[in-house]
Amino acid sequence: MTSQKCIWMECGYVEYKLCDRNFDCENCPFDKAIKTAIKVKEKDTSLDTYCEVSKVNRNSHQIKITENHLWLIKEGKYFTLGLDDFAQKFFDAGCSIHFPLIDSNLFIGKTFLWIIGSFGAIGFHSPINGTVKWINDKIKENPHSFFETDAFSIELVKVESEDGIIQGKIYDFDDKHNLIYRDNLLVKEFLLNKFSLASKANITLPDGGELIKDYLKDLSNQDFVQLLKLIFNKKI
1 MTSQKCIWME CGYVEYKLCD RNFDCENCPF DKAIKTAIKV KEKDTSLDTY CEVSKVNRNS
61 HQIKITENHL WLIKEGKYFT LGLDDFAQKF FDAGCSIHFP LIDSNLFIGK TFLWIIGSFG
121 AIGFHSPING TVKWINDKIK ENPHSFFETD AFSIELVKVE SEDGIIQGKI YDFDDKHNLI
181 YRDNLLVKEF LLNKFSLASK ANITLPDGGE LIKDYLKDLS NQDFVQLLKL IFNKKI
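Residue numbers (the working numbering): 1 to 236.
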């Protein structure tokens with residue numbers, strides 16, 4: 001048996017599970033059982049109804065963005081959290097979002113939110129300590145609407161935080177291009193290393209281009225999760 005962690009353990013979704021199939025997730029019964037349990041749904045292209053979501057109605061200067069692409073707004077002792085548009089680009093409407101429980105405690109650097117899809121799962125770490133007071137049930141029940149809507153218009157979680165401390169580097173909304181530029185380079189370097197794309201060093205980046213998405217689709221589940229962790233699981 002390999003001593004490498006299963007991708008579900010890597011993202012914090014299960015406490016302990018080692019991979020015994022050399023990351024052949026597509027044929028792994030454990031992977032299939034997890035996805036069945038959380039009811040990962042394929043995108044229904046015939047769906048013509050739109051899920052009404054909770055929308056942020058505030059000025060952009062109130063929005064702060066963490067290094068791991070969570071956006072947040074502080075109002076008194078409460079924080080509203082969501083995922084930014086850069087994070088949104090890596091997933092599709094076939095993915096689901098797994099939320100924390102109401103009244104559960106969040107701790108800085110610990111996983112509190114997961115995106116789950118055919119690739120496996122990626123967890124997002126909390127930048128604050130606090131207690132969950134609200135989650136977006138409409139997105140929980142109809143996650144496709146998140147991946148098809150402006151990311152900054154959708155609140156995902158509200159947290160009560162007595163200390164009000166945000167851990168890690170924080171970007172103003174108007175400066176988010178600096179974070180995106182840096183992580184674009186990280187993605188580009190990762191793909192160049194994986195596919196030996198020295199002759200295609202000018203590949204389009206994921207802030208509007210399509211070419212890079214073709215390369216992302218060619219990554220194995222293990223490599224894709226590794227890339228997601230580099231971008232969204234930076235230590236805070």
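Glycine included, C-beta positions come from ideal geometry on N, C-alpha and C.
On the criterion of 16 or more Cβ atoms from any shown chain inside 10 Å, does residue i qualify as buried, or is it exposed?
| i | result |
| --- | --- |
| E26 | exposed |
| D218 | exposed |
| D137 | exposed |
| K32 | exposed |
| N22 | exposed |
| N193 | exposed |
| I165 | exposed |
| N178 | exposed |
Helix or strand or just coil, what does DSSP make of residue i?
| i | result |
| --- | --- |
| Y215 | helix |
| E141 | helix |
| A33 | helix |
| I231 | helix |
| H69 | coil |
| F107 | coil |
| F79 | strand |
| S60 | helix |
| D223 | helix |
| F91 | coil |
| E52 | Note on E52: pLDDT 38, under 50, position unreliable in the model; the coordinate value appears next. E52: coil per DSSP, three-state reduction. |
What residue from the options has the CA that sits closest to residue i's CA?
| i | options | result |
| --- | --- | --- |
| I139 | N105, G109, Y78 and F99 | F99 |
| Q62 | D174, T149 and C6 | D174 |
| C28 | Y13, L72, A87 and S118 | S118 |
| L230 | N193, V187 and L216 | V187 |
| T132 | T149, P143 and F79 | The sequence shown places Val at residue 132, not Thr. Residue F79 is the option with its Cα nearest to V132. |
| E67 | N184, K194 and L192 | N184 |
| E148 | L83, W134 and I128 | L83 |
| K234 | F146, I122, S196 and H177 | I122 |
Got a sec, what are the start and stop residues for the beta strand (DSSP E) residue i sits in?
| i | result |
| --- | --- |
| F112 | T111 to G117 |
| A121 | G120 to H125 |
| I97 | S96 to H98 |
Could you please give the first and the last residue of the uninterrupted alpha helix (DSSP H) stretch that includes residue i?
| i | result |
| --- | --- |
| E189 | K176 to F195 |
| D85 | D85 to Q88 |
Counting only beta-carbon separations shorter than 8 Å, does residue i have a partner in chain C?
| i | result |
| --- | --- |
| N142 | Absent from the structure is chain C; it holds one protein chain and no more. |
Curious, which full-length beta strand (DSSP E) runs of at least 3 residues does the region 130 to 174 contain?
130 to 135, 157 to 160 and 170 to 172
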